[in-house]
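To start, the structure under review is shown below, and the notes come after it.
2 protein chains.
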Amino acid sequence: MPDPNLAAVRARCTRALTYHGPSHESPAAMLREVTALVSDDLAPDNYGEGDLIAGFEREMADLLGKEAAVFLPTGTMAQQIALRIWADRKGPRHVAFHPRCHLELHEQKGYQVLHGLHGVLVGSQHGLLALEDLRTVGDPLSALLLELPQRGIGGQLPTWEELTAIVSWARERGIALHLDGARLWESAPYYGRSLAEISGLFDSVYVSFYKGLGAIAGCVLAGPASFIAETRVWQRRHGGTVVHLFPYVLSAKAALARRLGRMQAYADRARAIAARLRAVPGIEIVPETPQVNMMHLYLQGPKERLEEAALAVAQETGVWMFGKLQPGPIPSRSLFELTVGDAAMELEDDEIAGLFEALFVKVGIAAE
Amino acid sequence: MPDPNLAAVRARCTRALTYHGPSHESPAAMLREVTALVSDDLAPDNYGEGDLIAGFEREMADLLGKEAAVFLPTGTMAQQIALRIWADRKGPRHVAFHPRCHLELHEQKGYQVLHGLHGVLVGSQHGLLALEDLRTVGDPLSALLLELPQRGIGGQLPTWEELTAIVSWARERGIALHLDGARLWESAPYYGRSLAEISGLFDSVYVSFYKGLGAIAGCVLAGPASFIAETRVWQRRHGGTVVHLFPYVLSAKAALARRLGRMQAYADRARAIAARLRAVPGIEIVPETPQVNMMHLYLQGPKERLEEAALAVAQETGVWMFGKLQPGPIPSRSLFELTVGDAAMELEDDEIAGLFEALFVKVGIAAE
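For the protein sequence lines, the chains are A and B, in the order given.
In terms of the working numbering, the first sequence is numbered consecutively and its last residue is 368.
In terms of the working numbering, the second sequence is numbered consecutively and its last residue is 1368.
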């Protein structure tokens, strides 16, 4: 349950470090944005049908270079369905992914419990899944899921050469390739390639509209037309065929129009911020040079004291840093995931560094 | 896919027969309603947590007389989860429901394919599930689902005596009772009992916020606290833990405030309309006297010609009757489900009868 004190302090902040900031992230702001977009004669979608949703799905399929696409409420639903379809088509119940994969860590093992699939974890907790890791897999695989970028390790991306080598390895073995593109929009600038070119390496692709794009919620799964037709059957089984999804669809359209073109700027800014933060004692950055618009900051100091300090900094400066940190791999470090969006774009590098310096002064790590 | 001609005619209609009418049912109208409700300092829900959603779940639990409740995107998700939890607790994989149950007909057999449950169909297609039908069940049951009212047969309700006898039968056998209350709001006036009193017969209850209440989407599953805690785990597995559900939650609050108090009036009006329509040749009404705010109208004439005629009536009168009919049990009859909401409340009984008379003239059933 949310901490009321934390929520109250956050509500009084006018700026923030991560994502798009309080002026965009309130329900009032997000609802006003979609309400302004909607014309009086727009008809609602009905259980997945209608011009609005079908038109948006068509746009997304084209953008991703796929035959078809379907709008779904969550990535959890999209990706379990994708792997289930590939497993049913290919035969084996084994599907492979990185140990920090969302399906393995954040979905209460839905892929196992609902779909009877077996996860094969490939690669190490702290590094990218590599071709050499795949060579050690003994189980027959239906599908291989790759997450671009790999969020759990600070948003890292394989080189294009490594990526295409992995893809070739899977193709040669008849293994379906699924792209967890929760942050695919953020990856394109790094590769200097179009979304369709990156998606083209994969049989199916999931993309999300919140996170970097900042929509209310929702995602798209794209792939061959027959695959998307099957997805719609599974969508109904999962309870994802919501009578009206228009608030999410409208919000996704608005978010794409507003932020897809900013991804290069966010990533450039992430690298500049990282360069500045490397000069602040008590912070270790993963990856050292961000590849996309995110990075993991391992902060020195006891987790609870850092959290209290961030609250104090927020009260003093009006800038929201973070509420709860994640425990780090060693007791002396806690993890803050910094995603550069509209919020950080409004702050100076020195101002951001100053927030962390103030934080460490409060926990007694650095001298004032 | 929607018929563009049909959509265009519908868009030009200013009134309607069923539900709440074009002035309420456009995305623009629904979004304006929720946007007007939201205060600038309201914080968003996050993956099912936050004051807005928790407060609404508390209200719904209280209204339904249950320990706890959880807001979910769809009834499909809610009810599969409910039956799965009861099956896991009780042991048998068999769960019983009416042959017109939503789980059996409209969910692509998710309860079987995702949850490994076996459906036992109890009662006949055209009548209510009765105590005597239950006595013929040979399989051991974990749960019995009752739908109040039974939508597939025109919204019929068992008498309170029959209902409590069924409940006692299940209780004596240790079978969990789940209420499909998609239209529970609509049932309370018939029984002259509170929602909590009706829900009190059941271990778990699902209620919907669209349909009779006219919200954008969403539902609540209510029951014992431990059951709801388990539901949240399954919600995540299903992909129902949407990052932000606030558009739906706000809309549900607005719809409850606006329409819960109108259910008696809707039902009274349904009975008056049925009484008037009985005088129109070519219509058979199920049930003859509506018990809630809905009824099934079996219309004489070929389905396609009736549909064309309704389109012509809509163009001439500006009142939307229906788009597509459901095929009836015999070729000479097609089914139109009439749900009385704000839309029908704005029409006179004679005006409604006149629409059907005009319809039959066009298909050549009645003389002009």
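Here a beta-carbon is modelled for each residue, glycine too, at the ideal position from N, C-alpha and C.
What you are looking at is a predicted structure, and each value in this text was computed from that prediction instead of being measured.
A:His-178 classed as buried or exposed, judged by whether at least 16 other C-beta atoms fall within 10 angstroms: Flag for A:His-178 reads buried.
Contacting residues, own chain, Cβ-Cβ under 7 Å from A:Phe-356 (five flanking each side not counted): Leu-277, Val-280, Ile-283
Exposed unless 16 or more other CB atoms sit within 10 angstroms - verdict on A:Ile-330: exposed
According to DSSP, residues forming a beta bridge with B:Tyr-1206: B:Asp-1180, B:Leu-1221
A:Gly-21 and A:Arg-12 closer than 8 Å at C-beta: For A:Gly-21 and A:Arg-12, no; Cβs fall outside 8 Å.
Residues within the segment 335 to 351 of chain A neighbouring chain E, beta-carbon criterion of under 8 Å: Of the chains in the structure shown, none is chain E; the protein chains are A and B.
Nearest neighbour of A:Asp-342, chosen from A:Ser-199, A:Asp-268, A:Val-113 [CA to CA]: A:Asp-268
Proximal residues of chain A, C-beta to C-beta of B:Glu-1107 below 7 Å: Arg-236, Arg-237
Nearest candidate by alpha-carbon position, reference B:Pro-1027, set A:Tyr-19, A:Asp-51, A:His-24, A:Thr-18: A:Asp-51
Nonlocal neighbours in the same chain, by C-beta distance under 8 Å from A:Arg-232, ignoring five residues either side: Within the same chain, Cβ atoms closer than 8 Å to the Cβ of A:Arg-232 are found at Gly-48, Val-70, Thr-241, the five residues on either side in sequence being excluded.
C-beta contact flag for A:Leu-105 and A:Phe-97 at 8 Å: Not closer than 8 Å, so no.
Spatial distance of A:Met-60 from A:Leu-256 (CA atoms): Cα-Cα distance, rounded: 10 Å.
A:Leu-201 to B:Gly-1091 span [Cα, whole Å]: 46 Å
Inter-stretch contact (C-beta, 8 Å, three-pair minimum) for the segment 127 to 146 of chain A and the segment 1124 to 1143 of chain B: no
Selected residue, minimal CA-CA separation from B:Ser-1208, among B:Ile-1198, B:Ser-1199, B:Val-1220, B:Glu-1197: B:Val-1220
Buried versus exposed, by CB contacts within 10 Å (16 or more), A:Glu-307: buried
Proximal chain B residues relative to A:Val-375, where beta-carbon distance stays under 7 Å: No statement about residue 375 of chain A is possible, as the shown extent of chain A runs from 1 to 368 and does not include it.
CB contact below 8 Å: B:Leu-1042 versus chain A: Output row for B:Leu-1042: interface = yes.
DSSP state of B:Glu-1107 mapped onto helix, strand, coil: In the structure shown, B:Glu-1107 sits in coil (DSSP, three-state: anything other than H, G, I, E or B).
Member of B:Ala-1358, B:Asp-1350, B:Gly-1354 whose CA lies at the smallest distance from the CA of B:Ala-1312: B:Ala-1358
Residues of the segment 1069 to 1082 of chain B whose Cβ lies closer than 8 Å to any Cβ of chain A, in chain order: Leu-1072, Pro-1073, Thr-1074, Gly-1075, Thr-1076, Met-1077, Ala-1078, Gln-1080
contact_flag[the segment 1239 to 1254 of chain B, the segment 1163 to 1182 of chain B] where n(CB pairs < 8 Å) is 3 or more: no
Under 8 Å between C-beta atoms of A:Ala-254 and A:Glu-33: yes
Inter-residue Cα distance where the pair is B:Gly-1154 and B:Val-1038: 37 Å
Separation of B:Gly-1212 from A:Ala-344, as counted between CA atoms: If you draw a straight line from the Cα of A:Ala-344 to the Cα of B:Gly-1212, it is about 45 Å long.
Same chain, Cβ closer than 6 Å to B:Tyr-1234, neighbours up to 5 away in sequence not counted: In the sequence under discussion, the amino acid at residue 1234 of chain B is Trp, which differs from the Tyr named in the question. These residues qualify, in order along the chain: Ile-1081.
Outcome for B:Asp-1180 when other beta-carbon atoms lying within 10 angstroms are tallied against a minimum of 16: buried
Proximity winner among A:Arg-93, A:Asp-139, A:Val-292, A:Arg-89, relative to A:Thr-159 (alpha-carbon distances): A:Val-292
Cβ neighbours of B:Glu-1346 in the same chain (closer than 8 Å, five flanking residues each side left out): Arg-1015, Gly-1021.
Sequence-distant residues of the same chain with beta carbon closer than 8 Å to A:Glu-368, five excluded per side: With a pLDDT of 45 at A:Glu-368, under the threshold of 50, the modelled position of that residue is not reliable, and the figure given next carries that caveat. The residues are Val-361.
Burial state of A:Lys-324 (16 or more Cβ within 10 Å): exposed
Start and end residues, beta strand (DSSP E) containing B:Ala-1130: No beta strand (DSSP E) holds B:Ala-1130; DSSP gives it neither H nor E.
Residue closest to B:Gln-1384, alpha-carbon to alpha-carbon, out of B:Thr-1076, B:Arg-1271, B:Lys-1303: Residue 1384 of chain B lies beyond the residue range present for chain B, which begins at 1001 and ends at 1368; the question has no answer from this structure.
Extent of the continuous beta strand (DSSP E) run through B:Phe-1336: Start and end: 1333 to 1339.
Outcome for B:His-1187 when other beta-carbon atoms lying within 10 angstroms are tallied against a minimum of 16: First, the amino acid is wrong: residue 1187 of chain B is Ser here, not His. By the Cβ neighbour-count rule, B:Ser-1187 is buried, with 16 or more other Cβ atoms within 10 Å of its own.
Under 8 Å between C-beta atoms of B:Arg-1171 and B:Gly-1214: No; because the gap between Cβ atoms is not below 8 Å, this pair is not in contact.
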